[in-house]
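K.L.:
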Amino acid sequence: MFLDPIIIVLGFVGLIWGADKFVFGASVLARNLGVSPLMIGLTIVAFGTSAPEIFSSAVSALNDKPELAVGNALGSNLFNVGVALGVAAVISPLKPPESLVKKEIPALLLVTFVTGALFLDLFLGVFDAVVLITITVYFGYRLFRKKVKTGVMPELADEELSEISSLQAGAYLVLGLALLVLSAEALVAAATSIAGSLGVSTAIIGLTVVALGTSLPELAASVTCVLKGHHDLAIGNIVGSNILNLLAVLPFPGLFAPGVIEPALLYRDYIGVLFLTLLLAYFCYQGVKKGKMISRLNGAVFISIYLGWFGVMLYQL
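Per the working numbering, residue 166 is the first one in the sequence shown, and the count goes up by one each step.
(1) Measuring CA to CA, which of 334, 374, 423 is closest to residue 188?
(2) Compute the Euclidean distance between the alpha carbons of residue 385 and residue 265, then round it to the nearest angstrom.
(3) Quick test of the definition: if touching needs 3 or more C-beta pairs under 8 Å, does the segment 216-226 touch the segment 343-353?
(4) Can you give me the C-alpha to C-alpha distance between residue 153 and residue 413, rounded to a whole angstrom?
(5) Leaving out the 5 sequence neighbours to the left and right, which residues in its chain are closer than 8 Å to residue 441 when beta-carbon positions are compared?
(6) Does the Cβ of residue 122 have 16 or more other Cβ atoms within 10 Å, making it buried, or fewer, making it exposed?
(7) Have a look at 476, 404, 196, 434 and flag the residue whose alpha-carbon is nearest the alpha-carbon of residue 262.
(8) Nearest CA to the CA of residue 215: which residue from 458, 409, 300?
(9) What is the DSSP secondary structure of residue 326, counted as helix, strand or coil?
(10) Under the three-state reduction of DSSP, which class applies to residue 426: helix, strand or coil?
(11) When you compare the CB positions of residue 435 and residue 236, do they come within less than 8 Å of one another, or not?
(12) What is the residue span of the alpha helix (DSSP H) that residue 348 lies within?
(13) Residue ranges of each alpha helix (DSSP H) run of no fewer than 4 residues wholly in the segment 428-478, ordered along the chain?
(14) With contact counted as at least three CB pairs below 8 Å, one residue from each stretch, are the segment 181-195 and the segment 328-342 in contact?
(15) How many Å lie between residue 379 and residue 349 at the Cα?
(16) For residue 307, count neighbouring C-beta atoms within 10 Å of its own C-beta (all shown protein chains included) and say buried if the count is 16 or more, exposed if not.
(17) What residue from 228, 361, 357 has the CA that sits closest to residue 377's CA?
(18) Determine the direct distance from the alpha carbon of residue 439 to that of residue 446, and round the result to whole angstroms.
(19) Would you check if the distance between the CB atom of residue 415 and the CB atom of residue 240 is smaller than 8 Å?
(20) Taking its Cβ as the centre, do 16 or more other Cβ atoms sit within 10 Å of residue 167, making it buried, or is it exposed?
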């Protein structure tokens with residue numbers, strides 16, 4: 166108990182530093198390969214920052230704690246939009262790219278609706294996992310079949326314009342990812358130890374402690390992207406991570422620990438995810454069709470909704 170707070174602080178430091186190196190490596194790699202920063206955000210950065218969720222859920226399922234894994238996926242999506250994207254928008258208004266509205270936002274909506282349909286029977290099993298894996302394979306095929314090379318380069322700060330090889334950029338990616346995963350796991354382990362000693366249920370731990378801990382890379386990466394002016398990376402990271410959280414995280418409990426899920430995970434937590442996802446889609450649509458930014462006010466709305474959901478959850482404990 167005495168070491169846990171120290172580990173949590175060190176975890177935060179590791180996440181922030183790791184996110185900076187990871188985003189820098191992704192940006193340089195995008196520049197060197199001629200790949201758009203949006204594509205990098207939707208793939209490398211999104212997968213890298215979702216790795217803690219995927220790893221934690223696999224461990225939870227193998228330890229026969231499926232509700233912790235489900236809570237982790239839903240709680241992470243709530244945190245990603247409600248806090249990570251909300252804070253990023255409050256720091257600097259975001260301009261959603263047009264391609265996001267045409268492709269990735271519809272994909273996120275589809276995955277979110279399918280997840281809700283699978284949750285309706287309050288059971289997560291092998292069939293549900295297979296459906297999600299099938300969608301994952303289809304999206305992966307569609308994504309990599311069309312190699313997008315637009316020539317759009319991320320704008321790096323002057324001190325970062327020095328020639329950096331793709332090998333060096335890859336080293337930054339690996340170093341940053343390692344720090345993100347290890348720091349998140351250390352933080353989650355310490356926070357879970359504290360929460361467990363207080364007698365909190367595994368579903369609540371998944372929705373709060375584990376979801377917050379594993380989503381800190383998204384928060385750190387999004388804030389870092391905004392501060393560096395990479396709005397495409399910031400939004401693409403959140404959208405890509407939320408798609409992966411549902412498609413790559415939820416199959417683990419379905420495959421390794423199928424069983425009944427708590428009604429609150431559907432009626433309270435999934436509904437919160439759906440509402441925030443629809444709101445994000447609306448703001449992005451407005452941004453592309455009417456030239457509006459995802460403003461600081463919009464960011465404050467995201468944060469307020471998350472705090473409202475969090476308050477309802479605490480009230481129902």
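Idealized CB from N, CA, C, for every residue including glycine.
P.N.:
Considering the structure as presented:
(1) 334
(2) 21 Å
(3) yes
(4) Only positions 166 to 482 of the chain appear in this structure, which leaves residue 153 out of reach.
(5) 242, 243, 246, 247, 467, 470, 471
(6) Residue 122 is absent from the model: the chain starts at 166 and stops at 482.
(7) 404
(8) 409
(9) Residue placement at residue 326 is flagged as unreliable, the pLDDT there being 38, under the threshold of 50; a coordinate-derived value is accordingly withheld.
(10) coil
(11) no
(12) 331-362
(13) 436-454
(14) yes
(15) 6 Å
(16) exposed
(17) 357
(18) 11 Å
(19) no
(20) exposed
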